[in-house]
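Number of protein chains: 2
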Amino acid sequence: MPGAPTLGVDLGGTNLRIAVVDVDGRVLGEERAPCPATGWRGIVDAIAALVETLRVAFPDVAALGVGVAALVDQGGNARYAPNIPGLIDAPLRAALADALGLPAVVDNDANAAAWGEACHGAARGVEHALVVTLGTGVGGGIIAGGRVYRGAHGFAAEIGHWPFERDGARCACGEPGHWEASASGPALGRRGREAAAAGAAPELLRRVGGDAGAITAPDVATAARAGDDDALAVIGAYATDVALGLAGLVNILDPELVVVSGGLVELGDLLLGPLRQAFVGHVEGAAYRPPVAIVPAVLGDLAGVIGAAALARDAVT
Amino acid sequence: MPGAPTLGVDLGGTNLRIAVVDVDGRVLGEERAPCPATGWRGIVDAIAALVETLRVAFPDVAALGVGVAALVDQGGNARYAPNIPGLIDAPLRAALADALGLPAVVDNDANAAAWGEACHGAARGVEHALVVTLGTGVGGGIIAGGRVYRGAHGFAAEIGHWPFERDGARCACGEPGHWEASASGPALGRRGREAAAAGAAPELLRRVGGDAGAITAPDVATAARAGDDDALAVIGAYATDVALGLAGLVNILDPELVVVSGGLVELGDLLLGPLRQAFVGHVEGAAYRPPVAIVPAVLGDLAGVIGAAALARDAVT
């Protein structure tokens, strides 16, 4: 059924979200539930239950796409998901297709979100784009030649996990000095705590009642929005690390566009301004190539379900 | 003429090398000259002169491919070549096709060498491979889906140029702490000098007549081959930095195979042994994915001409 809507699932460590999405990327209906902690069979059952609910109003959905916070292989098996209990070597694609009687695709959640921005968002019509998600961690998706770049096994685009600062802060994955440990939301909070503890952010310290150790990324953001120069300086230092990492990724991948998504992008130009400024000139041969624009994502936290639904649509058309 | 040989050019800062290569990757004839320092027209003339010489014995060559140490755009223009005087915004492809009356393609030299290894060398038959050249600098080529990954503008795979050590040694490109500055041949020499100056490599110091500042990468290699434990430790520390960087690139690109080429690979298992050992476990979710093999290149310094000739063959078949 060309033109029929498809289902998109965004499956993270905490929440399970599912939407009916039309060919123009519009969300027609949506259901949510907590992510079951009972292993992959419980997850399949939970998705199936939400699909049956949505099928009452949308009986013509043509396929199901899932974006999941996991390493997903080319067969749609979730091989490893550090934040979802029991999701190891889980045959999600096959089990969902069986349970629902629908064509199903399963991909990494960041790939799905990137594909959402590529099909219906900030990277629409762009053949080569890098989508970088700055949030609790740093994730991303690579669009190359108008498709999701998945690598040999489907595990590509783990773009937060490479050594950025040899003896830097430990990454959530356990490795020291990964870019994620400098470019994630928690890294912004850490910078705020360090600045306050060093006496370099008195207004920020005052805002949290004098306990430097209590400062979080949202505290830094709130202070920056209120015009606190110290908080702005903290964001500037953070933006420099993000920019240097982005320049490195641009040297490796040569996208024409970088899309920044995730919680940090809510800072808007408070982040994107210093980020763009710090980025310029760090790309190889910058004077001899077209500039790479850095733009904010536009789909917000709907990117995952919209992209997963688009992947499902691709699979049946 | 399917089956006709093609011409492959390897154009670096010092040497111009050109070979007639058959469909099986065998070099049938070869010419060399110094790389002219008279700008791109001089380079085109020099290539044309060598081609005319080779055409006497091989009149049926079907096309010409060039790999050049430059940022090369999708139209075969060399946009920027820091080590080749006058090679800025040079329309090499069009000028060579005009001068020779042959179909011509121009690509980055590391891309060409990677394509050589993919077509006729260590990555033959591999759909997704990363070819890393450890030499004066660190270069590379990305094979993705059985093709050279070029990115949006042809500038991809500048894989030496990303921040690896925040306040590390300055890269040849001017940026501080790029991986190239830790993983190149000169970085191995620098480690040897540092070890000798710190009194940690007395035998290495003796070999160079007591002048720690005179130690080069080949000195470290010679001492290691002779069994000097201190030199082996220097190589081990160097290999760890190479391995951590490779693991990061594998997290981003997800190849099934890493091919190591360049002058450093002549160290053989003295390098590859500690490199493989340091690499294991630093890839995300390593326990849940197929291991990535690290193998030496097999075409040596012929990879460039063989790969350039293969690119030319692809263009006419």
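Chain order of the listed sequences is H and G.
Per the numbering used here, residue 4 is the first one in the first sequence, and the count goes up by one each step.
Per the numbering used here, residue 4 is the first one in the second sequence, and the count goes up by one each step.
Just so you know, even glycine gets a beta-carbon here, dropped at the ideal spot from N, CA and C.
Leaving aside the five residues that flank Ala66 of chain G on each side, the residues in its chain whose CB is nearer than 8 Å to its CB run, in chain order, Thr9, Leu10, Leu105, Pro106, Ala107, Val108, Ala315, Arg316, Ala318, Val319. With a 10 Å radius around the Cβ and a threshold of 16 neighbouring Cβ atoms, Asn254 of chain G comes out buried. Annotated three-state conformation of Thr136 of chain H is strand, per DSSP. Shown here, Asp231 of chain G sits in coil according to DSSP, grouped into three states, outside any helix or strand. Arg210 of chain H and Ala281 of chain H have their C-alpha atoms some 28 Å from each other.
The beta carbon of Phe167 of chain H sits closer than 7 Å to the beta carbons of Gly180, His181, Trp182, Ser185, Gly248 from its chain, once the five residues preceding and following it are set aside; these are given in chain order.
Under a 10 Å Cβ-count criterion, Arg153 of chain G is classified as buried, with 16 or more other Cβ atoms of the shown protein chains found around its own Cβ. In the DSSP assignment, Pro179 of chain G forms a beta bridge with G:Arg173. For the stretch 157 to 174 of chain G, the set of positions with a beta-carbon nearer than 9 Å to some beta-carbon of chain H reads Gly157, Phe158, Ala159, Ala160, Glu161, Ile162, Gly163, His164, Trp165, Pro166, Phe167, Glu168, Arg169, Asp170, Gly171 in chain order. For Tyr241 of chain H, the nearest beta carbon of chain G is not closer than 8 Å to its own beta carbon. With 16 or more other Cβ atoms from the protein chains shown falling within 10 Å of its own Cβ, Arg292 of chain G counts as buried.
With its beta carbon at least 8 Å from every one in chain H, Cys38 of chain G lies outside the interface. Within the DSSP bridge table, the entry for Ser264 of chain H names H:Thr136 as partners. When the Cα atoms are used, Ala226 of chain G and Val71 of chain G turn out to be separated by approximately 34 Å.
Nearest Cα to Ala289 of chain H within the set G:Pro37, G:His156, G:Gly78, G:Asp48: G:His156. Per DSSP, Gly307 of chain H lies in no beta strand (DSSP E) segment; the continuous alpha helix (DSSP H) that holds it begins and ends at 306 to 319.
Nearest to Glu161 of chain H by alpha-carbon distance, out of H:Ala172, H:Gly142, H:Ala60, H:Ala52, is H:Gly142. Closer than 8 Å to the CB of Ala155 of chain H there is at least one CB belonging to chain G. Think of a sphere of 9 Å around the beta carbon of Leu74 of chain G: the chain H residues whose beta carbon falls inside it are Glu287, Gly288, Tyr291, Arg292, in chain order. When only Cα atoms are considered, Leu191 of chain G and Ala234 of chain G end up about 10 Å apart. Contact between Gly16 of chain H and Asn86 of chain H holds: their C-beta atoms lie close to 3 Å from each other, under 8 Å.
Interface with chain G (8 Å Cβ-Cβ cutoff): Cys176 of chain H is included. Of the candidates H:His123, H:Arg44, H:Thr139, H:Gly202, the residue whose Cα lies closest to the Cα of Asp101 of chain H is H:Arg44. Using a C-beta cut-off of 8 Å, the stretch 129 to 143 of chain H makes no contact with the stretch 24 to 32 of chain G, since fewer than three inter-stretch Cβ pairs fall below that distance. Using a Cβ-Cβ cut-off of 8 Å, Ala126 of chain G does not count as an interface residue toward chain H, since no Cβ of chain H sits closer than that to its own. Ranked by Cα distance from Pro88 of chain G, the first of G:Asn18, G:Leu208, G:Ala116, G:Ala296 is G:Asn18. In the structure shown, Ile46 of chain H falls within a helical segment according to DSSP collapsed to helix, strand and coil. Not flagged as an interface residue toward chain H: Glu183 of chain G, since no C-beta distance is shorter than 8 Å.
Taking CB atoms only, Asp112 of chain G has no neighbour in chain H less than 8 Å away. Selection G:Ala84, G:Gly149, G:Val237 evaluated against Ala203 of chain G yields G:Val237 as nearest (Cα-Cα). With respect to Leu137 of chain G, Gly265 of chain G sits close: the two C-beta atoms are nearer than 8 Å.
DSSP places Arg153 of chain H outside both helix and strand once states are collapsed to three, so it counts as coil. DSSP, reduced to helix, strand and coil, places Val237 of chain G within a helical segment of the structure shown. Leu207 of chain H: member of the alpha helix (DSSP H) spanning 205 to 210, first to last residue. Judged by their CB atoms, Glu120 of chain G and Val30 of chain G are not nearer to each other than the 8 Å cut-off. For the stretch 253 to 280 of chain H, the residues whose beta carbon sits under 7 Å from a beta carbon of chain G are, in order, Asn254, Ile255, Leu256, Asp257, Pro258, Glu259.
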